[in-house]
Each structure stands twice: as C-alpha cells, then as structure tokens.
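J.: In our numbering, the protein residues as written are -5 to 376. Dropping the structure in here first, questions after.
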Amino acid sequence: MKEKIVAKFTEIYGRAPTVVTRAPGRIEFIGNHTDYNGGIVLGASIDRGIAVAVAPRDDAQRRFASDYSGATPKIVAVGGGKPQRQDGDDAWTNYPLGIIDSFPAFNLTPPEGFDYLAVSDLPVGSGLSSSAAIELASALAFLAITDQAPSREEVVKLARHAENNFVGVPCGILDQGVSGFGKKDHLVFIDCRALTFDTVPLPPDTHFWVFNTHTKHALADGLYEARHTECMDAAKTLGVELLVDGTIEALEAARPKLNESVYRRAKHVIEEIERVRQTVEALKRGDLAEVGKLITASHRSSQHLFENSTPELDFLVDQLTGILDVYGARLTGGGFGGAVMAMTNGRFDEKAADLVADAYRQRFQERPEVLHMQTGDGASVL
Ligand code: GLA
-5 MKEKIVAKFT EIYGRAPTVV TRAPGRIEFI GNHTDYNGGI VLGASIDRGI AVAVAPRDDA
55 QRRFASDYSG ATPKIVAVGG GKPQRQDGDD AWTNYPLGII DSFPAFNLTP PEGFDYLAVS
115 DLPVGSGLSS SAAIELASAL AFLAITDQAP SREEVVKLAR HAENNFVGVP CGILDQGVSG
175 FGKKDHLVFI DCRALTFDTV PLPPDTHFWV FNTHTKHALA DGLYEARHTE CMDAAKTLGV
235 ELLVDGTIEA LEAARPKLNE SVYRRAKHVI EEIERVRQTV EALKRGDLAE VGKLITASHR
295 SSQHLFENST PELDFLVDQL TGILDVYGAR LTGGGFGGAV MAMTNGRFDE KAADLVADAY
355 RQRFQERPEV LHMQTGDGAS VL
C-alpha cells in the first residue's frame, strides 16, 4: 500500500510525501450499541484499511485528495485556521478536517498548510468503519508533521472527538479504539467507561466472513442518534448516568415509567453488556460453540429489542446459523443496513459462502459482497 500511495501522491502533487500512515477498518465482534452506554465491547481490526500520505506546505493552504472518487482525484483546497465543514462531494474531507479541529481540545497544535492524499482498500458504507480508519490515519499523519506524540489513548479519543463534534455522529469509542489498538490474531476488548483497551487472543482456527449487503437505511444516521437518545432517556429514568449501571431488576421496576421502545432499547443494552462479559469468559475457556451462541443471541436482541436490524441482515443470519461450520452470525456495526459477520471454523469455504450469497440473491435480487476477513494490526506510521 505504501508504494502505491507514494506514487499516486507524487503524480498528483509533483513531490513525495514526508509521512505515510495507515489505519484498519474493524469488525464489531460483540457488544452492539454498548459503547456509548459505558459498557464493554469486543472488536477485531482487519487487514484492510485506509492509508494517508501528507507533506507540509510553506503556505497555509490545505489540499486534500482521495481515491474515493475515481482514478483522477479532485483536489479540495481549503484555507488555514479553524476548519469549516464541507458539503456535497467534498464532505469526506470532514474526517481529516474534524481531526484538525479537535487538536486544540487535546492541547495539540494543528498543522497549517499541507498536501494530503487518502487511499482505501476498505469497502465504504459496509459497517467496517471506514470513518474511524480515515480519522486514525489522518491523526497520525498530522501528528507526525507537527512533531507531536500524545499517547495512543489520546489519539483514539481525539478521533472520536472529531466524529462526535465535527462530523456530528454521537458514536462511542468502539471504532476508533479497535482501529487504534488492534492486533493481528487478537480481539480488542474495550471498557468504554474506564476507557481502557486490552487485547484477547483469538482461538486458533476461527475465521471471519463478512457479507456486505450494500444496503443503508435512508435515515440510518438519524436512527443511530434516536437510539442514542432513547438509551440516555432510559438511564435518566433509572437514575443512573449511563445504562452500564442499570440492572434488569431496576429496569423491570421502572418499566411502568418507560415507554415500550425505550424499555426494549435498555433491555438490549443491559443484556448485551452481560453477553460481552460471558463471551470473554467463553473465549478464555476456548468454548467456541458458546461464543457462537452468544454472537447469534446478540443479533436476535438487535433484531427484536434494539430494532436496528433489517430483513436483509436477518435473512443472512438465518441462513448462516443453519450451517454446521458456522459458530454464530450477527449484524456488525451501527445496523439499519450494512453487513453481517459470521464466525466459522476452517471448513467453511468459498463454496459455502457462495450458497448463502446465491440464496440472498434469489430473495433480494442483489448479490452481497463476500469477504473472508483476516485480522490485522492497528493504526501506524508506515
Ligand atoms: C457504530 C458506532 C460505534 C458503535 C456501533 C454500534 O459503529 O460508530 O461507536 O456504537 O455503531 O455498536
């Protein structure tokens, strides 16, 4: 990836970059919508991601290009100083601009002028978090050209701050935490309230398959925000700051005061946090059958209680969980479209995946993109 981005950068800007970074996408393994509720979550960084190349300029101009929009990237030029939000085709620059905008909140000095290129081998809009990947890769590049080196925790928090405050999505720390702390053949375990990041080894012979439906609910962003609000409302009624401090007993006691959907969202979150805990235990014992059951139970809870699944995602989970070599399957990421991930043993192969994809096509006319994902390392300077 480094040679490719250096060559492309040189072609566009007529000189070589001074720094190249890369950050991976992620699979949400289990812990659906637990992160912003202060809960725990497990994710895996994958071997696909986004590379960023940057070279400082002598003036204050910030010039951005990416390979998102075809072979001849358009250069988006913005002035120095406090970044302004971009719209339309240029909206993708809000990710690196958001990083710059967040620097002062972390006592960091923002970069002035530079030339910038992002290159991706991550399918966009598939629930694999291309947004966290570009944020992390941009943050490491801007830190390198300004000679600043905050801790990895700070970089991850900075990236989330950019997404919350500049891009405007009230996400938790999962995506940025996994992209920042990922390790090949490991899962990342995040305690989202304590903001601690650990890795857990993946048992041998576990495989991830991702079925990307390329569907996205028209209101996906608004629905994510609405779920966030419902969870905060539930916490308030339970008298706790975040749902991580809620219990099923307290929830049942408060049920008469909650509207039905707020009750269901909270039930999902409280039980999902417990499922993550049980998954960590089952992984320690090497009990993959149990891990698989918990993964599928997580999906069913998203489907029926959190109601962020879709008929397309449910269909894939139904198909996959009927196959012997599949331990479990669930939607991965925010939901309302996107992708399903399956954890399988090594006997599940392309042929088995094709059968699932064919059945999906018969039902929905489109074929899902099938990716046999490998885990990969977290964000770094290349
Ligand atoms: C998206 C958000 C994450 C997390 C998941 C759902 O990926 O960016 O912070 O909330 O949805 O678990």
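Ideal placement from N, C-alpha and C gives every residue a C-beta, glycine not left out.
Find the nearest neighbour of alanine 54 within the set Gly33, Pro105, Val46, judged by alpha-carbon distance.
T.: Counting from 1 along the sequence shown, the entry for residue 54 is found at position 60. Here the closest residue by C-alpha is Pro105.
J.: If we ignore side chains and look at the alpha-carbon of each, how far apart do serine 296 and glycine 329 end up?
T.: Sequence index remark: in the sequence shown, residue 296 carries index 302 (1-based). Sequence index remark: in the sequence shown, residue 329 carries index 335 (1-based). If you take the alpha carbons of serine 296 and glycine 329, they lie about 8 Å apart.
J.: Going by DSSP in three states, valine 238 sits in which element: helix, strand or coil?
T.: Within the sequence shown, residue 238 is the residue found at index 244, counting from 1. Correct three-state label for valine 238: helix.
J.: Whole angstroms is fine: what's the gap from methionine 367's alpha carbon to leucine 252's?
T.: Here the question's residue 367 lines up with position 373 in the sequence shown. Here the question's residue 252 lines up with position 258 in the sequence shown. Their Cα atoms are separated by approximately 41 Å.
J.: Are arginine 324 and isoleucine 289 closer than 7 Å when you measure CB to CB?
T.: On the sequence shown, position 330 is the one that residue 324 refers to. On the sequence shown, position 295 is the one that residue 289 refers to. Yes. Within cutoff.
J.: Within this structure, are the beta carbons of proline 11 and glycine 370 separated by less than 7 Å?
T.: Position 17 of the sequence shown, counted from the start, is the residue given in the question as residue 11. Position 376 of the sequence shown, counted from the start, is the residue given in the question as residue 370. Contact: no.
J.: When burial is assigned at 16 or more other CB atoms within 10 Å of the CB, is glycine 32 buried or exposed?
T.: Here residue 32 refers to the residue found at position 38 of the sequence shown. Buried, since its Cβ has 16 or more Cβ neighbours within 10 Å.
J.: The alpha helix (DSSP H) that contains glycine 174, what's its start and end?
T.: Reading the sequence shown from its first residue, position 180 is the one you call residue 174. Segment 168 to 175, the alpha helix (DSSP H) holding glycine 174.
J.: Whose beta carbon lies closer than 5 Å to any heavy atom of the ligand GLA, going through the chain in order?
T.: Counting every residue whose Cβ lies closer than 5 Å to a heavy atom of the ligand GLA, we get Asn26, His27, Asp29, Cys165, Gly166, Leu168, Asp169, Gly327, Gly328.
J.: Should valine 375 go down as buried or exposed, given a rule of 16 or more other Cβ atoms within 10 Å for buried?
T.: Here residue 375 refers to the residue found at position 381 of the sequence shown. Burial call: exposed.
J.: Can you give me the C-alpha to C-alpha distance between valine 113 and leucine 36, rounded to a whole angstrom?
T.: By 1-based counting over the sequence shown, the position of residue 113 is 119. By 1-based counting over the sequence shown, the position of residue 36 is 42. Roughly 27 Å separates the two Cα atoms.
J.: Excluding sequence positions up to five away, which residues of its chain have a Cβ less than 7 Å from the Cβ of lysine -2?
T.: By 1-based counting over the sequence shown, the position of residue -2 is 4. Closer than 7 Å at the Cβ level, and outside the excluded window around lysine -2, lie Val113.
J.: Taking 8 Å as the threshold, find out whether the region 234 to 242 comes into contact with the region 258 to 265 through three or more Cβ pairs.
T.: A contact exists between the region 234 to 242 and the region 258 to 265.
J.: Determine the burial state of arginine 20: buried for a count of at least 16 other Cβ atoms within 10 Å of its Cβ, exposed for fewer.
T.: Position 26 of the sequence shown, counting from 1, holds the residue named residue 20. It counts as buried.
J.: I'd like to know whether the C-beta atoms of serine 292 and isoleucine 24 end up nearer to each other than 7 Å.
T.: Reading the sequence shown from its first residue, position 298 is the one you call residue 292. Reading the sequence shown from its first residue, position 30 is the one you call residue 24. It is a contact, given that the beta carbons lie within the stated cut-off.
J.: Please classify aspartate 83 as buried or exposed, where buried requires at least 16 neighbouring CB atoms within 10 angstroms.
T.: Reading the sequence shown from its first residue, position 89 is the one you call residue 83. Exposed.
J.: Residue range of the alpha helix (DSSP H) that asparagine 88 falls in?
T.: For the purposes of this step, residue 88 is taken as residue 94 along the sequence shown, with counting starting at 1. Looking at the DSSP string, the run of the alpha helix (DSSP H) that includes asparagine 88 is 88 to 96.
J.: Return the CA-CA distance between threonine 231 and leucine 299, expressed in angstroms with no decimal places.
T.: Counted from its first residue, the sequence shown places residue 231 at position 237. Counted from its first residue, the sequence shown places residue 299 at position 305. Rounded to whole angstroms, threonine 231 to leucine 299 spans 18 Å at the Cα level.
J.: From the DSSP output, read off the bridge partner residues of tyrosine 110.
T.: Position 116 of the sequence shown holds residue 110. Looking at the DSSP assignment, tyrosine 110 forms a beta bridge with Val48, Phe58.
J.: On the three-state DSSP scale, how would you describe valine 118?
T.: The residue labelled residue 118 in the question sits at position 124 within the sequence shown. Coil, per DSSP.
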